Structure formats: C-alpha cells, structure tokens
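Structure first, commentary second.
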Amino acid sequence: MKVIENTSDRLVIEDRPWFLWITLPILGGPALVSALTGQVDGRGTTMLVAALGIGMLWILWRFAPFQRIIFDRTTNTFIHHVLRLTGRRTLDMPLTEIRRATEERDPSDSSRLERVTLLTNSGRYPLESGFTSQPRTPVIRAINTWLGV
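In this note's numbering, each residue's number is its place in the sequence shown (first place is 1) plus 41.
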C-alpha cells in the first residue's frame, strides 16, 4: 500500500501488487494449460499440476486485488475500489462512520504479519484481504493524521 495523494481535502491510497500479478500467472497459467491439454503423463500428476495452476490463480484472485482507497472531505465519503480478475467492487461510506485506522495482526502466527483495518462505528473494516510482513505503519499514520486522530 502506498499513499499517492495527500491533501487537506483528499487522501488516496493504492495497492498494486505487481509482483504477484506477474509471477503467479506465469507459473499457474502454463501449469493449468499443460494439465488441460494432456501434456502431463499420468492421472495423478495431471491432477496435481492442474491443482497447482488453479491454486496459484486462486491466490492471485483472493489475496492480490488492485485497490484504490479514497478519503474525500469535499463529498464527505470514503470509497474503496477493489479490482479482481472477476470484476470490480466498490464500497462507499460516510467519513463520519470512520473512527480511525489501526493495524490488525494475524492471531494464528507468531510472525509479524499485519494489515490495515479501519475502526468504524459498526465494527472493523479491513482494507486488505490478507496479512503481510511489510510495515503498514506509514499508511496507518497517514490515515489517522488525515482524519485528525
């Protein structure tokens, strides 16, 4: 995640995981094609290679969407655009619903995996579908500073 615009009226954050969008189709696509076209010998091997191809594309779909997050004071809205392989989803919410941003840690692992989560009046709203080891403190600080928290 990266802050690409930070003015008094507008804060825009983008998440574009190019590395995953390049490497996972390069690995998963040929595996799936080779399994579907019969280039792999044996039923078990074919099923394994097909499962690997489908798994890599599922990981891409689930954990690596392109995202644009917009906080806009002129319209008093928070807009979250999520672009996946299967389409686009947009969530709009009034800025008055957002209390602050915080880091949410993965409770099942002792490693330092975190994601950015908004605390709203109706509960938690994670801005990321998965956890990452990249520090999210600069993004959280930018959101909270912009919100005046």
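Using N, Cα and C, we set each Cβ at its ideal position, and we do this for glycine too. Since the model is a prediction, treat every value here as computed from it, not as a measurement.
Going by the beta-carbon positions, is the gap between A183 and V44 smaller than 8 Å?
Indexing the sequence shown from 1 puts residue 183 at position 142. Indexing the sequence shown from 1 puts residue 44 at position 3. Result yes, Cβ atoms of A183 and V44 sit closer than 8 Å.
Label E155 either buried or exposed according to how many other C-beta atoms from any shown protein chain fall within 10 Å of its C-beta, with 16 as the threshold for buried.
For the purposes of this step, residue 155 is identified with residue 114 of the sequence shown, where counting begins at 1. E155 should be labelled buried.
Curious, which full-length alpha helix (DSSP H) runs of at least 4 residues does the segment 90–142 contain?
Whole alpha helix (DSSP H) segments, 4+ residues: zero.
Can you tell which of P167, L89, S170 and F119 has the C-alpha that lies nearest to the C-alpha of D133?
Sequence index remark: in the sequence shown, residue 133 carries index 92 (1-based). Nearest option by C-alpha distance: F119.
Can P177 and F107 be called in contact, C-beta distance under 8 Å?
On the sequence shown, residue 177 is found 136 positions in, with the first residue counted as 1. On the sequence shown, residue 107 is found 66 positions in, with the first residue counted as 1. In the sequence as displayed, the identity of residue 177 is Arg instead of Pro. No, Cβ-Cβ distance for R177 and F107 is not below 8 Å.
Alpha carbon to alpha carbon, how far is W102 from G189?
The residue labelled residue 102 in the question sits at position 61 within the sequence shown. The residue labelled residue 189 in the question sits at position 148 within the sequence shown. Cα to Cα, W102 sits roughly 34 Å from G189.
Rounded to the nearest angstrom, what separates T115 and D50 at their Cα positions?
On the sequence shown, position 74 is the one that residue 115 refers to. On the sequence shown, position 9 is the one that residue 50 refers to. Between T115 and D50, the C-alpha separation is close to 6 Å.
When the Cα atoms are used, what is the spatial distance from L68 to N162?
Against the sequence shown, residue 68 aligns to sequence position 27. Against the sequence shown, residue 162 aligns to sequence position 121. Taking the straight line from one Cα to the other gives about 42 Å.
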